[in-house]
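Residue numbers (the numbering used here), protein chains in the order written: chain A, 454 to 630; chain B, 454 to 630. Virtual Cβ for every residue (Gly too), placed ideally from N, Cα, C.
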DNA sequence: GCGTCCATGTAATTCGTTACATGATTCG
DNA sequence: CGAATCATGTAACGAATTACATGGACGC
């Protein structure tokens with residue numbers, strides 16, 4: 454259900470094709486939503502049927518034509534309606550926490566190695582986000598209201614990565630003691 | 454797929470029935486995994502077929518009999534195998550971030566109200582986790598290795614809530630400026 | 001020549017949610 | 001007397017994942 458709204462939100466920002474949407478869900482938009490291209494194409498068809506979006510075929514030379522989607526007035530209204538409703542809070546499903554919870558079943562070194570790997574992964578992600586921050590949101594106070602909102606979604610991502618990294622360090626310290 | 458391992462992990466900690474599992478996924482275990490009772494019963498049947506767990510019917514008086522599950526040796530081995538593999542990192546799907554991303558479509562006050570509500574919700578969750586911390590993990594250094602691992606899953610939850618609350622404050626400050 | 005990117009899709013399967021169902025017991 | 005708790009399930013549906021498929025363009 455909310456995948457459709459995630460797509461609408463992404464299209465609000467910038468009209469694009471299914472393929473491009475999939476890449477955005479993989480990249481910068483990915484820290485608050487993700488979806489495979491199969492999900493996206495299916496959902497785009499439904500949204501077009503409901504007339505919340507319209508697709509425009511853009512002929513291209515040297516590569517396949519693409520179908521560029523943008524919101525209709527109806528789509529904007531529906532999106533606004535959804536935003537006004539209280540969100541249901543979603544639980545994260547972190548495999549590493551499941552592994553820790555059953556930590557007694559394996560050798561300590563296995564979990565420590567996994568924690569180090571996890572730490573590294575999030576360190577890299579943090580750097581990616583911080584580059585985006587520096588390049589696009591150097592002076593947050595001066596952004597337009599809509600841009601501030603978008604900046605805050607990135608801030609959430611940055612904060613999350615910093616916090617996960619700190620947790621990894623805490624975990625490694627406690628488990629090595 | 455990983456739901457089965459989440460169940461195995463929970464059973465490692467304490468053998469229990471489907472009903473009790475559902476309650477644990479709703480409570481303390483819930484900050485790293487969640488599942489409905491329908492999912493749990495279906496998965497328990499599959500796990501029993503595969504002989505990763507065995508169920509033992511425990512007659513009770515004054516209430517229905519319950520079927521208590523515990524890991525088999527095979528289950529422990531499979532769990533250990535899974536733990537040794539690198540985890541795939543899961544992306545959170547936070548509706549509030551989708552809403553912010555499309556923030557231009559609604560009146561500022563709607564988003565501010567949602568942020569305040571979100572803030573409140575996480576403040577409450579934090580207090581629940583901190584109570585568990587005080588009651589069960591007063592002196593982390595003195596815990597057994599397995600208990601330290603479990604404590605760290607709670608720590609992740611506590612850290613997350615603190616961070617989300619700080620982010621809410623940052624967001625409200627930026628958007629009101 | 002091989003892999004990757006562009007661009008879109010179908011099919012099969014598993015996972016997750018919603019609704020419905022039973023039946024006894026305890027609490028107010 | 002009604003509601004909630006204990007305990008377990010089935011059925012139907014919708015969402016997500018995985019695998020498979022096409023076919024030209026471009027770089028090494």
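Counting C-beta neighbours from all protein chains within 10 Å, is the total for residue i 16 or more, i.e. buried, or is it exposed?
i	result
residue 609 (chain A)	buried
residue 514 (chain B)	exposed
residue 454 (chain B)	exposed
residue 620 (chain B)	buried
residue 626 (chain B)	exposed
residue 589 (chain B)	exposed
residue 630 (chain A)	exposed
residue 622 (chain A)	exposed
residue 584 (chain B)	exposed
So, with DSSP's three-state summary, where would you put residue i?
i	result
residue 525 (chain A)	coil
residue 552 (chain B)	helix
residue 626 (chain B)	helix
residue 541 (chain A)	coil
residue 448 (chain A)	Residue numbering for chain A in the displayed model covers 454 to 630; residue 448 (chain A) lies beyond these limits and cannot be assessed.
residue 557 (chain A)	helix
residue 474 (chain A)	helix
residue 564 (chain B)	helix
residue 515 (chain B)	coil
residue 489 (chain A)	coil
residue 454 (chain B)	coil
residue 599 (chain B)	helix
residue 547 (chain B)	coil
residue 533 (chain A)	helix
residue 480 (chain A)	coil
residue 619 (chain B)	helix
Using a cut-off of 7 Å between C-beta atoms, extract the partners of residue i located in chain B.
i	result
residue 469 (chain A)	Going along chain B, no residue has its Cβ under 7 Å from residue 469 (chain A), so there is no contact; the nearest lies around 14 Å.
residue 550 (chain A)	485, 606 and 609
residue 527 (chain A)	The premise fails here: residue 527 (chain A) is roughly 13 Å from chain B at the closest Cβ pair, so nothing lies under 7 Å.
Run through the DSSP bridge pairs and tell me what residue i is partnered with.
i	result
residue 469 (chain A)	A:522
residue 507 (chain A)	A:523
What does residue i touch in chain B if you count any residue whose Cβ is under 8 Å from its own?
i	result
residue 557 (chain A)	465, 598, 599 and 602
residue 561 (chain A)	598
For a contact meaning CB atoms closer than 8 Å, what does residue i contact in chain A?
i	result
residue 554 (chain B)	462, 463, 465, 466, 482, 485, 602, 603 and 606
residue 475 (chain B)	The contacting residues do not exist; residue 475 (chain B) stays about 14 Å from chain A at best.
Chain A partners of residue i, CB-CB under 9 Å?
i	result
residue 591 (chain B)	Ordered by position in chain A, no residue passes the 9 Å Cβ test against residue 591 (chain B), which lies about 14 Å from the chain.
residue 455 (chain B)	546, 548 and 551
Determine the chain B residues that contact residue i at a beta-carbon separation under 9 Å, and present them in chain order.
i	result
residue 541 (chain A)	548
residue 506 (chain A)	Ordered by position in chain B, no residue passes the 9 Å Cβ test against residue 506 (chain A), which lies about 13 Å from the chain.
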